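Using the UniProt record's numbering, the first residue of the sequence shown is number 1, and each one after it goes up by one.
Virtual Cβ for every residue (Gly too), placed ideally from N, Cα, C.
The structure presented is a predicted model; accordingly, all values stated were derived computationally and were not measured.
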Amino acid sequence: MHAETIKKNELNEIFGRNGRYTTCNLENPHFFINATRMKMIPKEKVVTGPFNMVIGDIPTPLGFLFGYFPTPGKSRASGLLFPTFGQTSDRGFALRNGGYYWVVNDNVGVRLTGDIYSGIGNSFGGYNLMAETQYLKRYSYNGLLNFSYSVRPPDIILPSNSINTNPEYRKPRSARTLWVNWNHTPTPRPGGGRFSASVAAGSPDFNRQNSYDQRRYLAAAFNSTIQYSKTIRNSPVNYNVQLTQSQNTNGLMTFTLPSVTVGVARQYPYEWFGLTPKGKFYEQLSISYDLQARNELSNQIPARTLNGLPLLGGTNEGSQIPVRFSNLRPFLRNARNGMQHDFQISLGNYPVLKNIILTPSVRYRQYWFGQRLSYEYNEVARAIRIDTVRGFNVVSERAAGLSLTTNLYGTLVRKGTHKIQAIRHKLTPSVSYSYSPDYTGRSSLNWVNPDLGSLTNAQGQSYNQRDSRGRILNPLSFSRYNNFLYSTPNTIRASAISFTLNNQVEMKVRNNNDTTGTTPFEKVSLIDGLDFSTAYNIAADSLNLQPLFMNFHTQVARKLSVNATASFSFYQRDSTGRELNRFLLEQSSRRLARLQTADFSLNYQFNPSQGKRKSTVKRDVAPTNTLGSPNRINPYEEYVDFDIPWELTSSFAINYTDPGPIPSRGTYLRPRAIARASLNVTGSVKLTPNFRFGYTTSYDFISKRPVAPMLDFYRDLHCWQISGTWTPFGEFRGYGVTISAKSSLLQDLKLNRNRSFWNR
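Right, here's the structure in full:
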């Protein structure tokens with residue numbers, strides 16, 4: 001505050017005549033509020049008579065009959081939030097984000113805001129209401145809870161040609177949507193439980209109708225998780241309780257209420273008796289236990305089918321029920337729940353032929369269900385009836401296996417003063433065998449050998465055809481736990497041999513940066529992983545050899561990440577793409593395998609000051625209060641770091657899927673082999689010490705066009721700032737420019753100009 005004449009009374013209030021008020025710290029400020037009379041209460045407010053704005057020593061007509069400017073001594077203070085004026089193409093003129101900010105206490109702040117739209121013609125444009133609570137407790141937790149409610153007239157949502165011709169149809173008065181965001185982050189503390197939350201849920205159409213964020217507008221699915229986890233002190237037991245919800249823009253919602261996991265760390269029985277280790281084999285015996293329990297609810301009613309057989313009350317298509325309290329009964333009827341107990345028994349590691357490690361293991365798994373399915377053939381209806389029988393049901397399965405693993409090394413050493421001193425190749429082959437018995441004949445698991453009366457299949461053959469002993473020749477088996485929460489035991493015997501081969505390549509190079517001789521060499525990874533895996537199912541009657549999977553990943557110069565995955569099939573296929581029980585090697589081409597799928601990606605991130613992002617540039621107070629800043633915890637999140645002159649992040653991804661054999665002319669359309677190929681580039685350049693230019697773009701090689709390119713800039717004007725974005729073309733084309741004061745005390749002193757997909 002500057003004034004020609006200043007007086008101060010006994011209450012420490014300051015009065016000034018012909019004064020200036022500014023947040024610029026220069027002797028000749030870039031801007032100030034000019035008033036003939038001015039009163040200042042330190043750490044509280046500044047009140048003026050008639051005033052006008054002076055920018056660059058040039059008086060402007062911007063002003064009013066009186067002025068009120070809060071100057072709180074604390075970082076936060078309760079007060080009005082002035083709305084911003086705007087205009088949209090579909091809802092008319094708008095006042096946005098007006099309301100009140102309330103400092104409840106030092107730990108909680110509440111922001112109540114709203115938007116209102118004038119509408120177009122005789123239609124009211126609707127309104128939005130937002131309530132946001134940000135809270136924190138030092139060294140304990142912090143969080144942000146945001147609730148939004150929107151009302152839009154249906155004329156805005158439905159196009160003019162979307163008219164219902166039903167004379168009994170009554171157009172809804174308005175479309176009401178809501179959305180909830182909640183983020184709760186605890187401060188990690190040893191020995192205590194951890195409660196966290198990440199919630200994003202609401203009406204399926206909310207973001208499409210109200211969001212100005214391009215990512216949220218395009219997002220097709222949202223997930224929410226509330227969880228509590230803890231490891232019991234001085235105990236091997238840990239547990240986790242979760243409440244989850246997922247939804248998409250098509251209205252599908254799935255809830256898990258709750259999901260409970262209890263785990264017991266690996267235990268060695270000989271330690272329970274306080275025995276002294278003597279190197280005996282039984283000392284390696286260990287047991288671990290995991291429990292999982294879930295209750296899953298969904299508004300998706302699945303189709304009721306039974307392998308093409310006629311089914312009483314069957315449907316070929318699923319359906320959705322609206323999520324509301326009146327539908328609670330069908331919602332609960334559609335619930336899936338159960339419990340799984342998993343016991344892993346390790347019999348230890350034993351050396352074979354010195355360098356090969358033999359590891360046998362046994363697994364026992366048990367499932368608990370509160371219901372099961374009962375099947376009955378109805379001769380009159382010539383269909384199968386399925387009933388759900390309530391009761392406690394236990395299903396168990398057993399499996400055993402063993403594995404052989406070793407490490408092989410190949411090293412190339414170069415003598416002398418070469419830059420590359422040595423290259424080492426580490427090869428880790430592994431062979432494992434697993435077995436699980438056949439559970440087909442267990443009546444508690446399956447409905448076996450059903451008498452289907454006179455029913456026939458598509459070929460006209462009777463399902464009830466029997467041999468000379470009266471046994472059904474082609475018995476059908478239906479699971480009593482079909483489509484339940486947990487998978488039940490295999491209905492056929494499984495006996496498989498698995499093969500894996502892992503590769504790593506490293507080299508030792510001279511360290512030219514070492515001047516002390518303490519670290520003359522350093523290790524550089526050439527290939528982080530090149531892994532192959534496949535399996536051979538001995539018990540299968542055909543197609544015994546499983547596909548070969550390949551995974552490659554490495555990092556070049558600590559900046560370029562390379563990842564690739566692929567799968568290969570060893571079998572021939574017919575004209576429809578179905579695999580035949582004949583190897584490709586049997587063909588005249590003598591091919592070993594056929595590429596089925598492949599994914600390849602490159603990621604590059606570079607800036608000349610990598611790892612040194614902390615800026616030394618003095619920055620003004622963030623233009624929002626610490627508590628109550630909309631949707632972000634860190635008030636400096638969008639500030640620009642001018643210490644980094646340029647940075648570049650790019651990624652390339654391509655996906656390949658075998659399109660199958662060339663179809664006969666006119667039969668069907670052959671799918672595209674390259675399903676996705678895109679290049680994403682994000683970067684920024686510091687053109688001057690205070691001017692930064694950024695860009696984000698993506699190019700789709702399939703459609704041969706760029707996707708959602710965006711240019712942005714930021715200019716630091718000392719006590720002012722100017723920023724802008726421009727999307728030149730596409731669905732979200734438009735621009736936005738903002739000129740504003742940097743100080744939070746004058747955060748409403750700004751000029752916005754924008755044209756976007758919302759208001760063009």
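Checklist entry - Are the beta-carbon atoms belonging to N349 and Q300 less than 8 Å from one another? => result The count along the sequence shown starts at 1 and reaches residue 349 at position 349. The count along the sequence shown starts at 1 and reaches residue 300 at position 300. Not closer than 8 Å, so no.
Checklist entry - Is the stretch 81-96 touching the stretch 53-70 in the sense that three or more CB pairs, one from each, lie closer than 8 Å? => result no
Checklist entry - With respect to 7 Å, is the separation between the Cβ of R591 and the closest non-hydrogen atom of the ligand ADP below this value? => result No copy of the ligand ADP occurs in the structure displayed, which carries no ligand at all.
Next on the checklist: Between L306, R591, L543, T516, which has its C-alpha nearest L476's C-alpha?
Outcome noted: The residue given as residue 476 occupies position 476 in the sequence shown. The option with the nearest alpha carbon to L476 is L306.
Item to check | Which of helix, strand or coil DSSP assigns to P153 | outcome: The residue labelled residue 153 in the question sits at position 153 within the sequence shown. If DSSP states are grouped into helix, strand and coil, P153 belongs with coil.
Item to check | Buried/exposed call for L746, threshold 16 Cβ in 10 Å | outcome: Position 746 of the sequence shown, counting from 1, holds the residue named residue 746. Answer is buried; the Cβ neighbour count reaches 16.
Checklist entry - Whole beta strand (DSSP E) runs in the stretch 517-593 with 3 or more residues, listed along the chain? => result 521-537, 548-556, 560-569, 571-573, 579-583
Checklist entry - Of the residues F15, C24, E4, which one's Cα is nearest the Cα of H718? => result Locating residue 718 in the sequence shown gives position 718, where the first residue counts as 1. It is C24 whose Cα lies nearest to the Cα of H718.
Item to check | Proximity to R17 [Cα-Cα], best of G49, L560, F93, Q227 | outcome: Locating residue 17 in the sequence shown gives position 17, where the first residue counts as 1. The shortest C-alpha separation from R17 is found at G49.
Checklist entry - Does DSSP put R676 in a helix, in a strand, or in coil? => result Residue 676 sits at position 676 when you count from the first residue of the sequence shown. Strand.
Checklist entry - With 16 other CB atoms within 10 Å as the buried threshold, where does R333 fall? => result Residue 333 sits at position 333 when you count from the first residue of the sequence shown. So R333 counts as exposed.
Item to check | C-alpha gap between D387 and L373, whole angstroms | outcome: Within the sequence shown, residue 387 is the residue found at index 387, counting from 1. Within the sequence shown, residue 373 is the residue found at index 373, counting from 1. The alpha-carbon atoms of D387 and L373 are separated by roughly 6 Å.
Item to check | 6 Å Cβ shell around L545 - same chain, five flanking residues per side excluded | outcome: Here residue 545 refers to the residue found at position 545 when the sequence shown is read from its first residue. Closer than 6 Å at the Cβ level, and outside the excluded window around L545, lie Y536, F570.
Item to check | N210 (DSSP reduced to helix, strand or coil) | outcome: The residue labelled residue 210 in the question sits at position 210 within the sequence shown. Helix at N210.
Checklist entry - Ordered along the chain, which non-local residues of its own chain (more than five positions away) have a Cβ less than 6 Å from that of R428? => result Here residue 428 refers to the residue found at position 428 when the sequence shown is read from its first residue. Reading off the sequence, residue 428 comes out as Thr, not Arg. Once the five neighbours on either side are set aside, the close Cβ partners of T428 are N407, N502.
Checklist entry - Between K230, S740, G251, Q555, which lies nearest to V262 when the distance is taken from Cα to Cα? => result The sequence position of residue 262 within the sequence shown is 262, counting from 1. Measuring from the Cα of V262, the nearest candidate turns out to be K230.
Item to check | Cβ-Cβ distance between G92 and G125 below 8 Å | outcome: Counted from its first residue, the sequence shown places residue 92 at position 92. Counted from its first residue, the sequence shown places residue 125 at position 125. It is a contact, given that the beta carbons lie within the stated cut-off.
Item to check | alpha helix (DSSP H) segment containing Y270, residue limits | outcome: Position 270 of the sequence shown, counting from 1, holds the residue named residue 270. Its alpha helix (DSSP H) spans residues 269-272.
Next on the checklist: Just to confirm my understanding: we take E522, look at its own chain, exclude 5 residues before and 5 after, and list those with CB closer than 7 Å. What are they?
Outcome noted: The residue labelled residue 522 in the question sits at position 522 within the sequence shown. Answer for E522: V509, N511, listed in chain order.
Next on the checklist: Give the list of continuous alpha helix (DSSP H) stretches no shorter than 4 residues that lie fully inside the stretch 306-366.
Outcome noted: 328-333
Item to check | Rounded distance between the beta-carbons of L178 and F195, thought under 8 Å | outcome: In the sequence shown, counting from the first residue as 1, residue 195 sits at position 195. In the sequence shown, counting from the first residue as 1, residue 178 sits at position 178. Not a contact, Cβ separation roughly 25 Å.
Next on the checklist: For a minimum of 3 consecutive residues, which ranges assigned as the beta strand (DSSP E) are wholly contained in the stretch 50-85?
Outcome noted: 51-55, 58-64, 67-70, 79-81
Next on the checklist: Looking only at its chain, what residues have a beta carbon closer than 8 Å to the beta carbon of I356, apart from the 5 residues adjacent to it on each side?
Outcome noted: Position 356 of the sequence shown, counted from the start, is the residue given in the question as residue 356. The answer, listed in chain order, is L404, T405, T406.
Next on the checklist: For the structure I just gave you, are there three or more beta carbon pairs, one from the stretch 551-559 and one from the stretch 578-594, closer than 8 Å?
Outcome noted: no
Checklist entry - L584 to A496, Cα distance in whole Å? => result Within the sequence shown, numbered from 1, the residue matching residue 584 stands at position 584. Within the sequence shown, numbered from 1, the residue matching residue 496 stands at position 496. In a straight line, the C-alpha of L584 is about 22 Å away from that of A496.
Item to check | Rounded separation between S743 and I41 - CA only | outcome: Here residue 743 is taken as the residue at index 743 of the sequence shown, counted from 1. Here residue 41 is taken as the residue at index 41 of the sequence shown, counted from 1. S743 and I41: Cα-Cα distance of roughly 19 Å.
Checklist entry - Would L136 be called buried (16 or more neighbouring beta carbons within 10 Å of its own) or exposed? => result Sequence index remark: in the sequence shown, residue 136 carries index 136 (1-based). Buried is the call here.
Item to check | For T727, the first and last residue of its enclosing beta strand (DSSP E) | outcome: For the purposes of this step, residue 727 is taken as residue 727 along the sequence shown, with counting starting at 1. Unbroken beta strand (DSSP E) run through T727: 720-727.
Checklist entry - Taking the C-alpha atoms as reference points, what is the distance between L347 and G683? => result For this step, residue 347 is matched to residue 347 along the sequence shown. For this step, residue 683 is matched to residue 683 along the sequence shown. Between L347 and G683, the C-alpha separation is close to 54 Å.
Item to check | N- and C-terminal bounds of the beta strand (DSSP E) containing P709 | outcome: The residue you call residue 709 lines up with position 709 of the sequence shown. Run containing P709: 705-717, per the beta strand (DSSP E) assignment.
Checklist entry - Roughly how many angstroms lie between the CA atoms of D90 and P153, to the nearest whole one? => result Taking the sequence shown and counting its residues from 1, one reaches residue 90 at position 90. Taking the sequence shown and counting its residues from 1, one reaches residue 153 at position 153. C-alpha separation (whole angstroms): 11 Å.
Next on the checklist: For P645, which residues in the same chain have their Cβ closer than 6 Å to its Cβ, ignoring the five residues on either side in sequence?
Outcome noted: For the purposes of this step, residue 645 is identified with residue 645 of the sequence shown, where counting begins at 1. So the list reads K686, once near-sequence residues are dropped.
Item to check | G251 vs R294 beta-carbon contact at 8 Å | outcome: Indexing the sequence shown from 1 puts residue 251 at position 251. Indexing the sequence shown from 1 puts residue 294 at position 294. Against a cut-off of 8 Å, the Cβ pair of R294 and G251 comes out as no contact.
Checklist entry - Can you tell me the Cα-Cα spacing of N240 and F255, whole angstroms? => result Locating residue 240 in the sequence shown gives position 240, counting from the first residue. Locating residue 255 in the sequence shown gives position 255, counting from the first residue. In a straight line, the C-alpha of N240 is about 17 Å away from that of F255.
Item to check | Start and end residues, beta strand (DSSP E) containing G401 | outcome: The count along the sequence shown starts at 1 and reaches residue 401 at position 401. Its beta strand (DSSP E) spans residues 383-405.
Next on the checklist: Using only the alpha-carbon positions, how far apart do I654 and S601 sit?
Outcome noted: On the sequence shown, position 654 is the one that residue 654 refers to. On the sequence shown, position 601 is the one that residue 601 refers to. Using only the alpha carbons, I get a separation of about 6 Å.
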